[in-house]
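All residue numbers in the sequence shown are consecutive under the UniProt record's numbering, ending with 125.
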Amino acid sequence: MKGLHLTADLYQCRCDAVWLTDARKLGSWCREAVQAVGLQAVDELFHTFPATATGAGGVTATVLLAESHICVHTWPEQKAVTCDVYVCNFSGDHSAKARGLMYALVNRFQPEWTEQRSLDRGDES
1 MKGLHLTADL YQCRCDAVWL TDARKLGSWC REAVQAVGLQ AVDELFHTFP
51 ATATGAGGVT ATVLLAESHI CVHTWPEQKA VTCDVYVCNF SGDHSAKARG
101 LMYALVNRFQ PEWTEQRSLD RGDES
């Protein structure tokens, strides 16, 4: 079950607000980004949360991959996003594809700053 788990917390995102509030638009872009790096989408779920007193509702976009998953959560009132990319490396090393996908996600939202983490998962044997 060897794999790579990448996370990014994005702050003060400078992208157009629609990327933080439109699940359909963000989901479509996520599918294209997954395909562009050579990963295989097998299912998806995109949800826009209702507006609150602080503004438009955020979005959760999840793409289930043959290699594992990506998940994006947005907080438009804070111009913040969290991204999660996990690939198992059972059938081959998908680490470079995961890093490419995370790079694309970060660039999509144009944050002023990020906190990124990388975790090698599973047994090395």
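Glycine residues also receive a C-beta, built at the ideal position from the N, C-alpha and C atoms.
Just so you know, these numbers come straight off a predicted model, no measurement behind them.
Relative to V37, the option among V18, L26 and A98 whose CA is nearest is A98. As computed with DSSP, T74 is found in a beta bridge with V81. H69 is classed as buried because its beta carbon has at least 16 other beta carbons within 10 Å across all chains shown. Counting the other Cβ atoms within 10 Å of the Cβ of R24 gives fewer than 16, which makes it exposed. Listed as beta-bridge partners of R121 by DSSP are G3. Counting along the chain, T21 sits inside no beta strand (DSSP E); it lies in the alpha helix (DSSP H) bounded by residues V18 to T21. If you look at A41, you'll find it isn't in any alpha helix (DSSP H); it sits in the beta strand (DSSP E) that goes A41 to T48.
Residues Q12 and C13 of the same chain have their beta carbon placed closer than 6 Å to that of K79, with the five preceding and five following residues left out of the count. Measuring C-alpha to C-alpha distances from N89 to each of V34, C15 and D120 identifies D120 as the nearest. If the five residues before and after Q110 are omitted, its C-beta is found closer than 8 Å to the C-beta atoms of C13, R14 and C15, all from its own chain and listed in chain order.
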